[in-house]
Every structure is written in structure tokens, then in C-alpha cells.
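Notes follow the structure.
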Amino acid sequence: MSKAFDRVEWPYLEQVMQALGFADGWIKLIMGCVLSVTFEVLLNGREARRVTPTRGLRQGDPLSPYLFILCVEGLTAMLNDAVTRGSLHSIQICRKAPKISHLFFADDSFLFLRATETEAGKLMAILQGYEAASGQVINLQKSSITFSNNVQQRTRSWISQILGMIEVEPSGEEKRTSTRSTGWNGGNLQPRREQGA
0 MSKAFDRVEW PYLEQVMQAL GFADGWIKLI MGCVLSVTFE VLLNGREARR VTPTRGLRQG
60 DPLSPYLFIL CVEGLTAMLN DAVTRGSLHS IQICRKAPKI SHLFFADDSF LFLRATETEA
120 GKLMAILQGY EAASGQVINL QKSSITFSNN VQQRTRSWIS QILGMIEVEP SGEEKRTSTR
180 STGWNGGNLQ PRREQGA
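Taking numbering that gives the first Met the number 0, I'd label the letters of the sequence shown as residues 0 to 196.
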């Protein structure tokens, strides 16, 4: 996500805490901390004006990472709802393993789904809905996608295009389009030489 803390919409944060069942007194206390921020702008060493922001979480505030995690719970709820309704399908590495549709680490995300154009479109709709509600912006320039080996190239291209992401290898390296001669060394492209006796 792009500038994650700066873009948190305060009404969204409050709605998420209400949806998660936080007590009204707690929500009021937290929102009091969030809403009380002001900045003083100095011009030539003198206070020029006081600025009151309308969104965002304070960088360096020990509470901010936890509040951001609460905001991401909104995306978790949207993804879980889509999985429950069958719009998205999570992955399972073996029969008795838990199914996983997403993993979040601070402002980094891993999303897992079937490699179909339908699911890619649904995921994009969920991400756009989350952006609109939360104020967050998914940074597609820093986002990438990887596929299992059994996904056809045509499908990979369509899904990458739908999501607006580049394809990378599972190692994280950018996928390179291969040509027929990519795997051949120069010696294989040379005419065969006759060996003298």
C-alpha cells in the first residue's frame, strides 16, 4: 500500500472498531487520540499557522501500527466474505492444512486465489472497494503476481493485465519472456565441425 499511515480515513477507522465490537468508551478514547493532532508550520522561525489534518495516523506513534492493523481488518472481512460466498477460492497445501486466502504483514500483503479471469476481476473489485472505503491506495507499481506451473501463459497474461501487475517468478525475480534460442548456448547454434583424424 502506498503511504499507508498517511491515508487512513478516520471515519473508516471508527466504523471498523464498531464492527469489531469495541466498546463505545474505548472507541471514543482512541478517536480522541487520533483526532487531537495538529501541526504548527514555522516560517522564518515564527509560527505561521496551525494545520489540523483530516486523515492519517501519526508516524512514530506507538499506537499507529495497531490502528493500521485494525483498518486492514476491513479488507480481511471483504476477502473472507468473498471466500464464504464462493467468489474467491483460497489455497490449501495439503488435505489437512488450513485454507489460506491472504496473509498480511504490516503494509505488505499476500493474496491467494484461483488463476481465473473471474477471480482476478472479483479481487480487483474488492481492492477498489477497500481503497474507496479506507482511503488506502494499492501501489500496483510495487505489486506483483506469481503463478503455479500449471497455469497457461495466455491465462497468466490476462490475469496480469486485469490486476495491472507484473508477473514474477516464485523467487521474486521478474519473469522474462523466453525465446526459442534462450536455452541454447552459442556452440549449439554453430555449424558442426568435422573432427580431423
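The C-beta atom is built at its ideal place from N, Cα and C for all residues, glycine as well.
Restricting attention to Gln127, Val150, Arg84, the CA atom closest to the CA of Thr115 is found in Val150. As the crow flies, the alpha-carbon of Cys93 is around 56 Å from that of Glu39. Non-local beta-carbon contacts of Trp157 in its own chain, meaning distances under 7 Å to residues more than five positions away in sequence, involve Glu116 in chain order. Within a 10 Å sphere around the beta-carbon of Gln135 sit 16 or more other beta-carbons, which makes this residue buried. Of Leu41, Leu62, Ala47, the smallest CA-CA separation from Leu28 is found for Leu62. Here DSSP, grouped into helix, strand and coil, assigns Phe4 to helix. For Leu78, the CB contacts under 6 Å within the same chain, skipping 5 residues up- and downstream, are Ser100, His101 in chain order.
With contacts defined as CB atoms closer than 8 Å, Leu69 and Leu34 fail to qualify as a contacting pair. For Arg57, there is no enclosing alpha helix (DSSP H), as DSSP marks it with neither H nor E.
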